[in-house]
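*Asks:* If you count the sequence shown from 1, position 521 lands on 521 in full-length UniProt numbering, and the numbers rise without skipping. We put the beta carbon where it would ideally sit given N, CA and C, even for glycine.
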Amino acid sequence: MGPAPGVHPSHSRVRSGTGKRLEVSLPVLQQRRRSLHDSISNNGMRVWPSSAVHGVHTWAVHPLRTCARFCQNLSAFKRQRFSTRSKHPPIDLSLISSWFMLCAKQGPKAGVGLATVVISFVFSTYYNVLMSWAIYYLFNSFRSTLPWQSCNDTWNVVQNCSSGFPGNVTHLQSASQQFFDNKLLEKTDGIEDSGGIRWELLGCLVAAWVIVYFCIFKGVKSTGKVVYFTAVYPYFILFALLINNVQLPGAINGILYFVTPVWSKLFQIKVWVNAAAQVFNSIGIGFGSMVSMSSYNKFNNNVLRDAFIVTMTNSFTSILAGFVIFSAIGYMAHIHNLPVENIATDGPGLVFVVYPEVISTMPLFQLWAPLFFIMLLCLGLDSQFATVEVAITFLKDEFGTKILPFLKREELLTLVVCLLCFLLGLPHITKGGIYVFQLMDHYTAVVSLMFLAFAEVVSVCWVFGTPRISLMVKRMLGRSPNIYFRVCWLILCPMLVLCILVASIVQYTPVRYGKYKYPSWAEGVGWGVSLVSIIWIPLGAIHELYINKGSLHDRLKSAVTPTVDLDVDNSPDIQSHQQNRRVH
1 MGPAPGVHPS HSRVRSGTGK RLEVSLPVLQ QRRRSLHDSI SNNGMRVWPS
51 SAVHGVHTWA VHPLRTCARF CQNLSAFKRQ RFSTRSKHPP IDLSLISSWF
101 MLCAKQGPKA GVGLATVVIS FVFSTYYNVL MSWAIYYLFN SFRSTLPWQS
151 CNDTWNVVQN CSSGFPGNVT HLQSASQQFF DNKLLEKTDG IEDSGGIRWE
201 LLGCLVAAWV IVYFCIFKGV KSTGKVVYFT AVYPYFILFA LLINNVQLPG
251 AINGILYFVT PVWSKLFQIK VWVNAAAQVF NSIGIGFGSM VSMSSYNKFN
301 NNVLRDAFIV TMTNSFTSIL AGFVIFSAIG YMAHIHNLPV ENIATDGPGL
351 VFVVYPEVIS TMPLFQLWAP LFFIMLLCLG LDSQFATVEV AITFLKDEFG
401 TKILPFLKRE ELLTLVVCLL CFLLGLPHIT KGGIYVFQLM DHYTAVVSLM
451 FLAFAEVVSV CWVFGTPRIS LMVKRMLGRS PNIYFRVCWL ILCPMLVLCI
501 LVASIVQYTP VRYGKYKYPS WAEGVGWGVS LVSIIWIPLG AIHELYINKG
551 SLHDRLKSAV TPTVDLDVDN SPDIQSHQQN RRVH
């Protein structure tokens, strides 16, 4: 990553690292992570949705949120801590020589660290597609009559189009749903039929990547300035929408639905698993963005304070978004005389179908529609900034001496990464691209992430060890972490993540998009996408065993013995890292 001259390290953290965390807590960005895909549409839960509260802020499941915070606090501790020690910030565990990860002496050839870089890169290739949708909706929101308001346009199938929500009438579709399917996507019947490029979406995707490039091409210095707006603006819109929504008829019904617990759901294991997974994802654990951003902190940065602020802000934002979403859903249920549960949905449908329909019925919709889609664009760009930076930072730190002399300027490296991500994202903007998008998202942001997170937690908590973590935190902050954190690191975090991983495997169901079932070959491709990132973990183990000397027992012992220098004040790694951050 770029140097950031003149930028205070803590400012880099607040503007970029926290910006990333704030955006992932909002409903829009959780739609890409389908952890609760079946929890609403199939089970009819009221422990609701990825749409607003990530399945955990309904009072009935608050105990799980407390447990999940254990891992979130650990993540903020370990990521910022290890990234400030390492010469290679995105390889967050590179100084720990365990068989789960990269050997510190051998460079970035395999392991957990490289897996985080790969999964972030794969995510970057398709995530900007959501931003292209937001840009498309933004352009259309400036019309005097919103195009998803009626059934009288050329893309509508009049025979089964309803100007409102069809409720339980399964053969009907709302006008907003037909706009999404037939106009935005021009959706084909399945992944087998790509249907060719959607040229309007291609233009929007180009625009999205141009915006991303010019916001990050100068490194954290330029990104930090942009995030001042993109991270703060959504809060103004959320509060404005909340003030507007609570004055609408029926809003209170939606809010009551949001805060009313269904205690019987506490006895369903799937609810706990889904809720834990959703909280886990809402912080963005497993992606390398927090590591690369936090590598610009000072060594003695107060990560305990950061962990507390991030998790509390995440919870507050989730609850705020929940009130905004469900007050609007209550209003829609009122005007269409339907139960609230018939309005609410999950996945992209909430952001690009339900809420546009809600806005079209509001007073001053010509004002609210552009503001809402600008907010979506800001939230998505925040996430994309941080994720693309992972690959860029990795390439600079690991191969900068070879790449930069060839490219001459760091801006060209950023351009190459953005261009490559753009080209790899083209299949998602074909007429059958929604099926590709759903496939990639499921096997990247759900399947791979769980396994990667488990490897990280085990490596840090058990292989590197709680005593070493405590000593490093003491030297970092001047005081030892209390018993709460030590218990979390030693017992609660590994056990919780293990339970989530096992339950995810046991309860695995093949990916679906609505009622569409993917063919077997497509699922095989999905598992291949998962292996692209997680394969580096066993490869790192094999590599570590291969390069070690002695008997198999000696090699295993060496592989799980940390080789980090705990003399923090005099560590050459620390001195080199801090010097590199000052001179770049």
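#1: Which residues does DSSP pair with Arg512 in a beta bridge?
#2: Taking all protein chains shown into account, do 16 or more other C-beta atoms lie within 10 angstroms of the C-beta of Val303, making it buried, or fewer, making it exposed?
#3: Scan the region 436-467 and note each continuous alpha helix (DSSP H) run of 4 residues or more that stays entirely inside, going in chain order.
#4: How many Å lie between Glu192 and Trp521 at the Cα?
#5: Does DSSP classify Thr430 as helix, strand or coil?
#6: Please report the straight-line C-alpha distance between Leu539 and Ser480, rounded to a whole angstrom.
#7: Looking only at C-alpha atoms, which of Phe179, Ala251, Leu545, Met472 sits nearest to Asn300?
#8: Within 10 angstroms of the Cβ of Gly113, are there 16 or more other Cβ atoms? Answer buried if so, exposed if not.
#9: Report the CB separation of Leu381 from Thr230 in whole angstroms; it is logged as a contact under 8 Å.
#10: Put Ile542 into one of helix, strand or coil per three-state DSSP.
#11: Find out if the Cβ-Cβ distance for the pair Val388, Ile216 is shorter than 8 Å.
#12: Using a 10 Å radius around the Cβ and a threshold of 16 neighbouring Cβ atoms, would you call Thr154 buried or exposed?
#13: Can you grab the Cα-Cα spacing for the pair Gly224 / Leu172, in whole Å?
#14: Does Leu205 pass the burial test, meaning 16 or more other C-beta atoms within 10 Å, or should it be called exposed?
#15: Apart from the five residues just before and just after Cys421, which ones in its own chain have a Cβ nearer than 6 Å to its Cβ?
#16: Specify the secondary structure class of Ser480 as computed by DSSP and reduced to three states.
#17: Can you name the residues that DSSP bridges to Ile197?
#18: If we call anything under 8 Å between Cβ atoms a contact, is Phe454 one with Leu496?
#19: Put Gln173 into one of helix, strand or coil per three-state DSSP.
#20: In three-state DSSP terms, what is Ser282?
#21: Check Cys161 in the structure and name its three-state DSSP category.
#22: Could you tell me which uninterrupted alpha helix (DSSP H) segments, each at least 4 residues in length, are contained entirely in the region 333-372, listed from first to last along the chain?
#23: For Ile269, does the count of other Cβ atoms within 10 angstroms reach 16, so buried, or fall short, so exposed?
#24: What is the C-beta distance between His442 and Gly526, in whole angstroms, given that I count them as a contact (C-beta under 8 Å)?
#25: Assuming contact is defined by CB atoms lying nearer than 8 Å, are Gly254 and Val310 in contact in what I supplied?
#26: Assuming Gly195 contacts Gly432 (C-beta within less than 8 Å), just tell me the rounded distance between them.
#27: Taking the straight line between their C-alpha atoms, what separation do you get for Ser150 and Asn140?
#28: Report yes if the C-beta distance between Phe323 and Leu376 is below 8 Å; otherwise report no.
#29: Compute the Euclidean distance between the alpha carbons of Asp181 and Val511, then round it to the nearest angstrom.
#30: Count the other CB atoms, across all protein chains shown, that sit within 10 Å of the CB of Ser294; report buried if there are 16 or more and exposed otherwise.
#31: Using a Cβ-Cβ cutoff of less than 8 Å, which residues in the same chain neighbour Leu452 once the five nearest sequence positions on both sides are dropped?
#32: Classify Trp263: buried if its beta carbon has 16 or more other beta carbons within 10 angstroms, exposed otherwise.
#33: By the three-class DSSP mapping on this structure, what secondary structure does Leu412 have?
#34: For my contact list, Ile343 and Met332 are in at a C-beta cut-off of 8 Å; report their separation, rounded to the angstrom.
#35: Judging by CA-CA distance, which residue of Pro234, Val226, Leu490 is the nearest neighbour of Pro370?
*Replies:* To lay it out plainly:
#1: Lys517
#2: Val303 comes out buried.
#3: 449-458
#4: 10 Å
#5: strand
#6: 35 Å
#7: Met472
#8: buried
#9: 6 Å
#10: helix
#11: For Val388 and Ile216, yes; Cβs fall inside 8 Å.
#12: exposed
#13: 46 Å
#14: buried
#15: Ser124, Thr125
#16: In the structure shown, Ser480 sits in coil (DSSP, three-state: anything other than H, G, I, E or B).
#17: Thr430
#18: Not a contact, by the Cβ cut-off of 8 Å.
#19: Residue state, collapsed to three classes: strand.
#20: Helix, per DSSP.
#21: strand
#22: Look at the region 333-372 and you find these whole runs of alpha helix (DSSP H), each 4 residues long or longer: 355-360.
#23: exposed
#24: 7 Å
#25: no
#26: 5 Å
#27: 14 Å
#28: No, these two residues do not count as a Cβ contact at 8 Å.
#29: 19 Å
#30: buried
#31: Val112, Ala115, Thr116, Ile119, Gly286, Ser533, Ile534, Ile537
#32: Exposed: under 16 other Cβ atoms inside 10 Å.
#33: helix
#34: 5 Å
#35: Pro234
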